[in-house]
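Here the numbering used here is used: the first residue of the sequence shown is 2, the next is one more, and so on.
Backbone N, C-alpha and C define an ideal beta-carbon position, used for all residues, glycine too.
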Amino acid sequence: MFKVTGLCKQFVVGVGVHQVLSNLSFSIDSAKITAIVGPSGAGKSTLLSILCGLESPESGVINYLGRSLGDMKAEELAKLRNKEFGFIFQTPFYLPYKTVLENVLLAGSYAEESMDNLKAYASDLLVTVGLSEHMHKSPALLSGGEQQRMAFARAMLLKPNVIFADEPTASLDEENSTNLLTLLSEQVKLGRSVVLVSHDKEAIQWADTILEVGPKGKSINEL
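Following this line, the structure appears as structure tokens:
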């Protein structure tokens with residue numbers, strides 16, 4: 002699904018340059034949970050951002066289903082992210098002045114499908130994740146686990162091919178972590194792919210493949 006060759010990323014810090022990722026080459030298979038692990042500061046979240054086209058590398062090639070992200074224009078990348086990628090972050094971002102249902106529908110703001118169809122599907126998703134009684138409430142009234150389930154529903158609204166999850170269980174207790182990981186695992190059974198960055202040993206155990214990024218992003222190896 003993803004084939005990455007010679008990936009390098011750096012940031013300018015003051016008058017110096019900080020090398021985050023150095024000449025990484027690896028691949029990620031489809032219909033699996035792939036966990037990206039490694040020490041703090043290894044560049045795992047940066048790597049995730051590059052894979053989904055939110056950041057650009059200094060050099061290297063990132064192919065997704067045979068298409069080079071580097072050859073895509075900004076508009077093409079935006080369409081790709083909106084249509085084929087779903088996102089779950091450590092903090093379940095939301096707009097407090099919108100309801101749970103309206104927050105889930107935010108993912109469909111630029112979709113080609115009719116809003117009526119999306120609204121019906123969003124409602125079904127909220128039923129699936131156990132939030133049917135909360136869909137017309139403010140997300141601020143939900144628990145942390147409920148907010149993360151809302152974020153999952155939002156990520157799934159446009160039926161993405163790949164779900165990117167950056168430390169999604171970091172702020173959850175064991176029960177809610179298991180609930181979220183179960184939801185992600187069920188998506189893999191449907192043929193979708195999950196790319197997960199995590200320090201959570203329990204979350205990592207759910208992965209089919211584990212890629213370990215070495216200190217300072219100088220290597221990546223499959224465990």
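{"Check": "Same chain only: Cβ atoms within 7 Å of Thr47, ignoring 5 sequence neighbours per side", "Outcome": "Lys10, Val21, Leu22, Glu56"}
{"Check": "Extent of the continuous beta strand (DSSP E) to which Asp167 belongs", "Outcome": "163-167"}
{"Check": "For Thr210, the first and last residue of its enclosing beta strand (DSSP E)", "Outcome": "210-214"}
{"Check": "Cβ neighbours of Asp201 in the same chain (closer than 6 Å, five flanking residues each side left out)", "Outcome": "Thr170"}
{"Check": "Residue of Val163, Gly54, Pro161, Ser144 minimising C-alpha distance to Glu176", "Outcome": "Ser144"}
{"Check": "Helix, strand or coil at Thr35 according to DSSP, with G and I counted as helix", "Outcome": "strand"}
{"Check": "For Lys84, the three-state DSSP class (helix, strand or coil)", "Outcome": "helix"}
{"Check": "C-alpha gap between Ile1 and Val18, whole angstroms", "Outcome": "Residue 1 is absent from the model: the chain starts at 2 and stops at 224."}
{"Check": "Terminal residues of the beta strand (DSSP E) in which Thr6 lies", "Outcome": "3-14"}
{"Check": "First through last residue of the alpha helix (DSSP H) which encompasses Phe153", "Outcome": "145-157"}
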